[in-house]
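Chains as they are written, first to last, in my numbering: chain C, 11 to 494; chain P, 1186 to 1601. C-beta: ideal position from N, C-alpha, C; glycine also. Note that the structure is a prediction, hence the values are computed from the model and not measured. Below is one structure, written out as structure tokens, with a few remarks after it.
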Amino acid sequence: MLFNSLQYLVFLPTVFLLFWIVPHKLRVPLLLVASYVFYMSWKPLYGLLIFGLTLGNFLLVPLIAKTATHKKLMLGLVVALNLITLGVFKYAYFTMDVVKQGLGLAGLNWHEPHLHIILPLGISFFVFEFIHYAVEVYRGKPTVKSFIDFALFASFFPTQIAGPIKRYMDFIPQLSIPAKFKWAYLDEGMQLILLGLSKKVLIADNLALVVQAGFSHPGNFSAADLWIITYAFAFQIFFDFAGYTDIARGSAMLFGYKVPINFNLPYIAANVSDFWHRWHISLSTWLRDYLFIPLGGSRGGKWFTSRNLFITMALGGLWHGAATHFLIWGVYQGVLLILHREYSQVLERLGIAQKLLASKIYHVVSVVFTFHLVCIGWVLFRADNLSIAGEMLSKLLVQAPVEFTHFSVQQLAILHIRDPIIFPALLIILPVLMVSHVVVNWLNGKKIYEHPPWALQVGMMVAMMCLLTIFSPDSSPRFIYFQF
Amino acid sequence: MACAFGSFAVALLLFCAVNAAAWAGGSGWWRAADFPHLSWTGWRIKKFLQFRGTPDIVLLGSSLMLVPVAGVDADFVGRRLEGADHYRSRYFEHALQARSRRSARTFDFSLPGEMPSDAYLITDFLLKGDKCPKVIVYGLGPRDFMDNLLPSPSSTDPFRNLARFGDVSPISARAMPGWLERINFELGKVFYLYGRKTDIMARADALAVKSLDGLVPEPAGGKKFSIDSRRSLLPLYLPEQLCRGEAYFRPTTTNERPQFFDNLNEYRSRYCHVKWDTFVSQLEFLSDTLELAKSRGVHVVLVAMPITDLNRSLIQDYAFNAYLRSIKAIASAQGATFVNLYASPAFSRADFGDTVHLHSGGGKKLLDLISEALCNDAECRISLSIPDNGYGQAAAGAVASRPAGEPVATAQDRPL
């Protein structure tokens, strides 16, 4: 069931009404049933998978707490159980492909078996939540006593398919609060849902047209076009995923629950490290807490830290998808983080770090530079394969400087495509989206933005309802992060 | 000012008020024929509305009818015909005149993917008043009743476009059997902005184009962007749109016809696991179409179109027999003429461009046989004022009949 579907428009209000009608003790079971209905509406059989993993983790993780001598072994077993499940469903084809290619290089011909595995929706997210639970219990945090609470933590429908990745100590305590209905839940929740839908339907889905054309036929576009198309993808993926997260957070808020934020104006990041503090925050903090730190974090020397950063980001890339281009994207992010760390240390040693960071011009240049580094990464992320990524990057980085020396507006193929109109409109929309980050950053903390007047809230919601009603497509594309 | 019910509740009320106001004042804002994007259906409806006078004969059917009728016309006039503009069956008019010495004006309302539910809407909303023809010739194929790829009757392009011309509420239960479709439909009736969203979007799109042409004009020179380029770059963008210059029917001769195209895989997925509810529902639409036509004094000739043995072999015997038996029975019950060209020995595999569509050579045979069947049929002769000059013998190869007492397939006929 998609958030931007008619099914959800029926499902969510039904669950919302039932939730506030039934007594408090029935609310969690109700949400659990609703979450399984939500999940099984796609493939009923995979309900068994999430249930099996939930039961396995619920029974095994307390053993980590109980055992005094084999804590690490038990933790290893639980983590292995989760990772093997993820590996079988998500990486089986990729692994077989890699093995086949390796054997092919050695002159051996291997016919891999046909497994017919379909990637279960959301598996990367709920597996990470289980691992987080096991590690926290290993670190001494309490276990969850109620199976129903634990099952809901893993399957909670607003965050089930694409996060945000929750922390059980933040989520589970909320379930036991006997909350009474407040209009504020509905207001905040619906504002977030409408905002999220607007980001997805009005912005991301329109940009998707241009991105699809550019990334499927890069040969048809000039280097300047491809830079614009890459910017378009940067905003498409942001608005798609941020839209999804807003809907998830808004849906949770309707029941009075809070789930973590995932984004904080990522494109005003002044360096790559800052970007990862602003982009997909629930994943980057998970990677930090359960991969980077267990690997040793930055407690060792320079090379040790760099190695940990590299491994963390490479695996983070592979988490996004079982494909070489995701792995290379992760490696690219790892290398950028290592280079940034080195660069910062050089500035510190030279004693100019403070002065530079205080400079507004340096800040603006850093933001623009970081944005472009991120965009280059998005090419690796979005391209269907390495061949297309190579063609795109060659045009963006090698051909573009040559092309720009004799640039003329006629080179822009996007100006010649008048239907759909989103192509030429990019020249207006993209600068507006870029400026919107700056404007929202400026508004952050201001009263009119944090607590807008009641009439303004109502007016904005009516406007969004009207726009969404008119522009809701008959079949909106899936959220990008659903594939992970 | 704050409200005890919260801002969302007030916003929802205001949204409802906006829609109510739009319903009250917006009835004259849109014309049904102002299609946001023109598809085969849109072009054909426009042509029909522009048609001066009344067509004597209207052709209905899917691409099984459209392809041979337009193909033989291209051969007949000796030049390529623009798909978007071609609506008159020149060769059929000629063949009929040659046999009957009477001229008749035709309008070809056959459309790609047209189902009996679409034919019903054409008949109900368009073939009436001064546009009511004397005769309808309706070519049917088994796909029209057993297409697994079709989610529901209302999901076709013809249905979506034709639904603009009238109220489909009376047939909504049959046309939208799924609860989500029904909710979607009802939401469109309740919320003006949702019901009219395609029109509003088209108007907004036109406004955006106008503004952008001023702000970001297309540069002179440079590489022009054609519809073919768009199809290649964005295959999923408005797939049903048909632009001028995009589809032509070209004249061919026996020696230069394209090679036989094997489209069995497509039909395998269409025919597998007959959806009996769809089958019965489409039969009901067919019956209703004939009944409606009869009530308007229009005589209908149902033609069971020829298909190849290759295609026929994909359909289970019980399903094919149910199809043939049922359309024959419906024709009989509604006083229509039934012409079984499936059983005609006149067609062989060599007459087809693929496993179901006749090429222009086969199309010529088809129209010859239909025109002969019309001249042989007393009802048609009366409707078209064709004198009885010794007709009455069955047309060579065509099996025109008026059987009685044949049972129509029903939901109870579902095989165990």
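For MET444(C), no CB of chain P lies under 8 Å from its own CB, so it is not counted at the interface with that chain. For ILE1242(P), the enclosing beta strand (DSSP E) has its first and last residue at 1242–1246. The criterion of a C-beta distance shorter than 8 Å is not satisfied by GLY1324(P) and LEU1378(P). Rounded to the nearest angstrom, the gap between the Cα atoms of ASN1506(P) and LEU1419(P) is 42 Å. Taking 4 residues as the shortest admissible run, the region 1341–1408 of chain P contains the following complete alpha helix (DSSP H) segments, listed from N- to C-terminal end: 1342–1347, 1357–1360, 1364–1375, 1377–1380, 1382–1400. With contacts defined as CB atoms closer than 8 Å, LEU297(C) and GLY344(C) fail to qualify as a contacting pair. Nearest Cα to GLY1407(P) within the set LEU212(C), ILE424(C), PHE433(C), PRO39(C): ILE424(C).
Annotated three-state conformation of LEU1423(P) is coil, per DSSP. Using a C-beta cut-off of 8 Å, the region 185–205 of chain C makes contact with the region 252–269 of chain C, since at least three inter-stretch Cβ pairs fall below that distance. In the DSSP assignment, ALA1217(P) is bridged to no other residue. Around MET1361(P), no beta-carbon contact reaches into chain C at under 7 Å, the shortest distance being about 12 Å. At a C-beta separation below 7 Å, ASN230(C) has these neighbours in chain P: LEU1418.
With 16 or more other Cβ atoms inside 10 Å of its own Cβ, GLN1426(P) counts as buried. By the criterion of a C-beta distance shorter than 8 Å, PHE414(C) is surrounded in its chain by ALA233, ALA234, once the five residues flanking it on both sides are discounted. Within the same chain, and ignoring the five residues on either side of ILE128(C) in sequence, no residue has its Cβ closer than 6 Å to its Cβ. Nearest C-alpha to LEU1347(P) among ARG1216(P), THR1439(P), LEU1423(P): ARG1216(P). Within the region 452–478 of chain C, those residues whose Cβ lies closer than 7 Å to any Cβ of chain P are, in chain order, TRP464, ALA465, GLN467, VAL468, MET471, VAL472, MET475, CYS476. Counting only Cβ-Cβ distances below 8 Å, LYS1409(P) has contacts in chain C at HIS426, in chain order.
For the region 14–39 of chain C, the set of positions with a beta-carbon nearer than 8 Å to some beta-carbon of chain P reads LEU16, GLN17, VAL20 in chain order. Between the C-alpha atoms of PHE160(C) and PHE68(C) there is a straight-line separation of about 7 Å. Legend: CB atoms of the region 1376–1401 of chain P lying less than 7 Å from CB atoms of chain C belong to residues PHE1376, LEU1378, TYR1379, LYS1382, ILE1385, MET1386, ASP1390, ALA1393, VAL1394, LEU1397, LEU1400, VAL1401.
Counting along the chain, no alpha helix (DSSP H) covers LEU275(C), and no H or E run does either. HIS287(C) sits in a helix when the DSSP states are folded into three classes. Using a Cβ-Cβ cut-off of 8 Å, SER1224(P) does not count as an interface residue toward chain C, since no Cβ of chain C sits closer than that to its own.
Bounds of the beta strand (DSSP E) holding ASN1525(P) are 1522–1525. The beta strand (DSSP E) runs of length 3 or more contained entirely in the region 368–396 of chain C do not exist; there are none. In the DSSP assignment, LEU1325(P) falls within the beta strand (DSSP E) that extends over 1320–1325. One thing to note: ILE1571(P) has its Cβ within 8 Å of the Cβ of CYS1560(P). According to the DSSP secondary-structure assignment, TYR143(C) is paired through a beta bridge with no residue. Under the 10 Å beta carbon count, TYR178(C) is surrounded by 16 or more other beta carbons and is classified as buried.
Look at GLU1476(P) here: in three-state DSSP terms it is helix. With contacts defined by Cβ atoms closer than 8 Å, VAL341(C) and ILE1368(P) do not form a contacting pair. With three or more CB-CB distances shorter than 8 Å, the region 242–253 of chain C counts as touching the region 431–444 of chain C. When C-beta distances to chain P are compared with 8 Å, every residue of the region 346–361 of chain C stays at or above that value. Between ILE60(C) and SER134(C), the C-beta gap is not smaller than 8 Å, which leaves the two residues out of contact. The beta-carbon of GLY1268(P) is placed no less than 8 Å from the nearest beta-carbon of chain C.
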